[in-house]
Structure formats: structure tokens, C-alpha cells
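Q: First, the structure itself, so that you have it in front of you.
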Amino acid sequence: MSVRASLEEDPTPDHARGLPDADPRSESYAIELLPEHTGGRGITVVYRHDQALDAVLILWIIAGP
162 MSVRASLEED PTPDHARGLP DADPRSESYA IELLPEHTGG RGITVVYRHD
212 QALDAVLILW IIAGP
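In C-alpha cells form, the structure reads like this:
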């Protein structure tokens, strides 16, 4: 929930890592949450931000050990 709320305020936060994107009208990012922040597992949220639409599409939520 905290990632979703932070993306509503700023879709390109400083702690987001840029990823290659095939669409020139959007930008893809990954945000990694460490196990210390999630209470157990690390979580990575991969999303695409379209500036023209002012919208974020969450592509993947990856939970790891």
C-alpha cells in the first residue's frame, strides 16, 4: 500500500530504478522494498509511467526471500 500511495504523489521517486522501455511515450521503473520494510520478504514493484496520461500501470509485483 505504501508504494501505491507514493506513486500517486510522485510516479518517478528518487528510489525508483529506471528500466529499458519499448514505448517512447512511457518510462518503466522498479521499486525495491527490503525485508526490513515489509516484515519478512523483499518485494519489487515494476511499473510503467505514461506522462501524457498521468497514469501508472503496475506490471509485476515480485516477492522474494
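Just so it is clear: in the sequence shown, position 8 is 169 by this note's numbering, and no numbers are missing.
By construction, the Cβ of each residue, glycine as well, lies at the ideal position given by its N, Cα and C atoms.
Computed from a predicted structure; not experimentally measured.
Quick one: what's got a C-beta closer than 7 Å to Y190's C-beta in the same chain, skipping five residues either side?
A: Cβ neighbours of Y190 beyond the five flanking positions: T173, A177, R178, G179, L180, Y208 and H210.
Q: Keeping to the same chain, check which residues put their C-beta closer than 8 Å to that of D182; ignore five residues upstream and five downstream.
A: Within the same chain, D182 has close Cβ partners E188, S189 and R209.
Q: Return the Cβ separation of G203 and G225 in integer angstroms, given the expectation that the two are a contact with Cβ distance under 8 Å.
A: Yes, G203 and G225 are in contact; Cβ-Cβ is about 5 Å, under 8 Å.
Q: Rounded to the nearest angstrom, what separates E170 and V206 at their Cα positions?
A: Distance between the alpha carbons of E170 and V206 is about 16 Å.
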